[in-house]
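In what follows, a structure is listed as C-alpha cells, so that the remarks can point back to it.
In this note's numbering, the protein residues as written are 1307 to 1454.
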C-alpha cells in the first residue's frame, strides 16, 4: 500500500502542475471568455478527487498523522481557491474583467496555488520516505531500520 501511496502522491503533483498550465491557457486565451477557464475549473475538481483518494491511501498505508495531514491539506487549499474566486466575484469582479479589490483578492489565488503545489510536493516526499523506510524494514528488519 505504501507504493500505491507514492503513486497517488505523484499523481497529485502532476495534476497540480497541469493546473498551472491550464491557468495559463485561461489567462492568455483571446478573446477572454469565461469558457477559457473551463479546463482549469475541471482540473480543480480532479485535484480534489485525487487528494481525497491520496488521503485514504495514506491512512490505509498507516502513514502516521502528520503524513496523512499533508496528504489531506491540498483539499482544504483547493476549497480556499474556490472561496477566493467566489469572494472576488461577489465584490464585483468577473472572469473577464477585474480591477481594484476583486483583482487583488483573486491574485491570492495564484499564491495559494503555489501553496497547493508545495504541499503536494511535500506529501510526495513524505510518501517516498515512508516507502523507503518500509523497504529498509524488509531488508534489515524493523529494529535495525528504525535505529538507522
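Note that beta-carbon positions come from the ideal geometry of N, C-alpha and C, so glycine has one too.
Mind checking which residues open and close the alpha helix (DSSP H) that includes residue i?
i	result
residue 1377	1371-1396
residue 1404	First-last for residue 1404: undefined, no H or E at that position.
residue 1347	1344-1366
residue 1399	First-last for residue 1399: undefined, no H or E at that position.
residue 1324	1308-1334
Go through its chain and collect everything with a Cβ distance to residue i's Cβ below 6 Å, but skip five positions before and after it.
i	result
residue 1333	none
residue 1377	1360, 1361, 1364, 1429
Under a three-way DSSP split, which group does residue i fall into?
i	result
residue 1454	Unreliable placement is indicated for residue 1454, whose pLDDT of 48 sits below 50; no coordinate value is reported for it.
residue 1442	helix
residue 1424	helix
residue 1408	helix
Residues in its own chain within less than 7 Å of residue i by CB, not counting five upstream and five downstream?
i	result
residue 1505	Since the first residue shown for the chain is 1307 and the last is 1454, residue 1505 is missing from the structure and cannot be characterised.
residue 1459	With the chain covering 1307 to 1454 only, the question about residue 1459 has no answer from this structure.
Would you call residue i buried or exposed, if buried means 16 or more other Cβ atoms sit within 10 Å of its Cβ?
i	result
residue 1361	buried
* Is the segment 1418-1431 close to the segment 1321-1337, with three or more CB pairs under 8 Å? -> Using a Cβ-Cβ distance cut-off of 8 Å, the segment 1418-1431 and the segment 1321-1337 are in contact, since at least three pairs of beta carbons, one from each stretch, lie closer than that value.
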